[in-house]
Amino acid sequence: MLGAAAPAGAVVGGTPVPDGQLRYVANISIAGAFGCTGTLIAPDWVVTAGHCGSLTGSIVPTPIGMPASTIDVKLASVHTDGSGAEDHKVTQVIVDSDYLVTNGSGNDVTLLQLDHASAVRPVLIAAVGERAIWNAGRLATIAGFGLASENAPQPPDTMQKARVPIRSDADCAAAYPDGLGGGSFDAKTMLCAGYPQGGTDTCQGDSGGPLLAKALDGSLRLVGATSFGDGCGRPGKPGVYARVAEGPIRSFIAR
Ligand code: 4AZ
1444 MLGAAAPAGA VVGGTPVPDG QLRYVANISI AGAFGCTGTL IAPDWVVTAG
1494 HCGSLTGSIV PTPIGMPAST IDVKLASVHT DGSGAEDHKV TQVIVDSDYL
1544 VTNGSGNDVT LLQLDHASAV RPVLIAAVGE RAIWNAGRLA TIAGFGLASE
1594 NAPQPPDTMQ KARVPIRSDA DCAAAYPDGL GGGSFDAKTM LCAGYPQGGT
1644 DTCQGDSGGP LLAKALDGSL RLVGATSFGD GCGRPGKPGV YARVAEGPIR
1694 SFIAR
């Protein structure tokens, strides 16, 4: 039995992002192919997934990083084809030294340095003092250029977004026990989000994209980077995100 069918219009279960919104969400391609999503966190830095560039795990970067020249980063456009985007080459790739190839075994984060400062306003990583805005039960926004269902042949032509509840670390650990379902959950470097019944989730190609929580002033803060999951939108299988706003990944990014 395959996973539950994704709702139409998708991210899975999402809606198209209107023009001009989420301009800091990056559409990343590697060697011209369907790639990943990322998030602008400083004028010339994008955070994405450690396994960015891998659809099936076959093109996996080593911790040395991959050649920057093969990576293209597009900002400020909701269009998957890049129309109207601010286009960047990458001058430096910094893969978290703790990243291991196996899903669920490390800090699934990579930093890309852009060739020039973006005109787009970066999104702030949630401050340590903002921990409560991403407590379990809070709704968070996911967004990306990935697939709208796990078996889709290609992504939608517009960036998608959706809202999903942050889950407790205990829920995440129960959904991803050791060695099962695409990796084990480690609360030091991961958080997970999604409805118990599934239906709304990140998917392939959304990797590295944002999990955003709402700050007290109503603006969004980055709390996660899409990492992995067992399929997309399956019941009992919330999406797993790199825990960028605290712990070792926060420290890595700060360095
Ligand atoms: C992927 O393949 C992937 N449902 C990303 C996110 C999720 C599943 C797979 C979460 O990059």
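Letter by letter, the sequence shown follows residues 1444 to 1698 in the numbering used here.
Backbone N, C-alpha and C define an ideal beta-carbon position, used for all residues, glycine too.
Item                                                                                                                 : Value
Option nearest valine 1460 by Cα separation, candidates Lys1604, Ile1692, Arg1693                                    : Lys1604
The segment 1627-1638 in contact with the segment 1561-1574 per 3-pair CB rule at 8 Å                                : no
Beta carbon of aspartate 1551 nearer than 8 Å to that of glycine 1493                                                : yes
Glycine 1682 CB to nearest heavy atom of the ligand 4AZ below 7 Å                                                    : yes
Assigned exposure category for glycine 1457 - 16 Cβ within 10 Å defines buried                                       : buried
Glutamate 1573, DSSP secondary structure in three states                                                             : helix
Cα-Cα separation, methionine 1444 to serine 1592                                                                     : Summary for methionine 1444: the model assigns pLDDT 31, below 50, so the residue's position carries little reliability, and this model does not support an answer.
Three-way DSSP call (helix, strand, coil) for arginine 1664 in this model                                            : strand
heavy atom of the ligand 4AZ below 7 Å from threonine 1422 C-beta                                                    : In the structure as shown, the chain begins at 1444 and stops at 1698. Residue 1422 is therefore absent and cannot be evaluated.
Distance cut-off 7 Å: serine 1627 Cβ against heavy atoms of the ligand 4AZ                                           : no
For valine 1454 and cysteine 1646, believed in contact at Cβ under 8 Å, the rounded distance                         : 7 Å
Bridge-paired residues (DSSP) for glycine 1682                                                                       : Ala1636
Secondary structure of glycine 1690, DSSP reduced to three states                                                    : helix
Three-state class that DSSP yields for threonine 1643 in the structure shown                                         : coil
Sequence-distant residues of the same chain with beta carbon closer than 8 Å to proline 1598, five excluded per side : Phe1477, Thr1523, Phe1588, Gly1589, Leu1590, Ala1591, Gly1648
Cβ neighbour criterion (16 or more within 10 Å) applied to arginine 1677                                             : buried
CB contact flag (valine 1666, alanine 1569, <8 Å)                                                                    : yes
Rounded Cβ spacing between arginine 1693 and methionine 1633 (contact assumed at less than 8 Å)                      : Actually they are not in contact, since the Cβ atoms of arginine 1693 and methionine 1633 sit about 13 Å apart, beyond 8 Å.
Enclosing alpha helix (DSSP H) for aspartate 1530 [first to last residue]                                            : That residue, aspartate 1530, is in no alpha helix (DSSP H); its beta strand (DSSP E) goes 1529-1538.
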